[in-house]
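Numbering (our numbering), first residue to last: -18 to 65.
Take a look at the structure set out below.
What follows is the structure, given as structure tokens:
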């Protein structure tokens, strides 16, 4: 099932981003350095709860990037710990 969300935070030092997913907290991904995303971009992916290497689509910019999915359904408290 296809899933989507919006980039809510980017940590350039970690090369990671948090995607806010409606009703499910956040998905944390490690970014491909060549794939540009910005806070507010809409992201979609096919493997709903897949972890590890996946291809995500930046619908806002019309691009795709290979990412490493760290986790899904992260709450606000955990996000603040990871992204400071």
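Ideal placement from N, C-alpha and C gives every residue a C-beta, glycine not left out.
Going by C-alpha to C-alpha distance, which of the options sits closest to residue i?
i	options	result
residue 9	41, 17 and 31	31
residue 99	-5, 65 and 2	Absent from the model: residue 99. The displayed extent of the chain is -18 to 65, so no value can be given.
residue 41	25, 53 and 33	25
residue -12	54, 20 and 55	20
I need the boundaries of the alpha helix (DSSP H) containing residue i, first residue and last residue.
i	result
residue 57	57 to 64
Which residues bound the beta strand (DSSP E) around residue i?
i	result
residue 39	33 to 39
residue 26	23 to 26
residue -16	-16 to -8
Rounded to a whole number of angstroms, what is the C-alpha to C-alpha distance between residue i and residue j?
i	j	result
residue 51	residue 28	14 Å
residue 60	residue 7	8 Å
residue 57	residue -17	23 Å
residue 16	residue -8	14 Å
residue 44	residue -5	21 Å
residue 22	residue 38	10 Å
residue 151	residue 13	Lying before the first or after the last residue shown, residue 151 is absent from the chain, which here runs from -18 to 65.
residue -10	residue 65	10 Å
I believe residue i touches residue j by the beta-carbon criterion, under 8 Å. Please report the beta-carbon distance rounded to the nearest angstrom.
i	j	result
residue 18	residue 35	About 14 Å; that fails the 8 Å criterion.
residue -3	residue 11	5 Å
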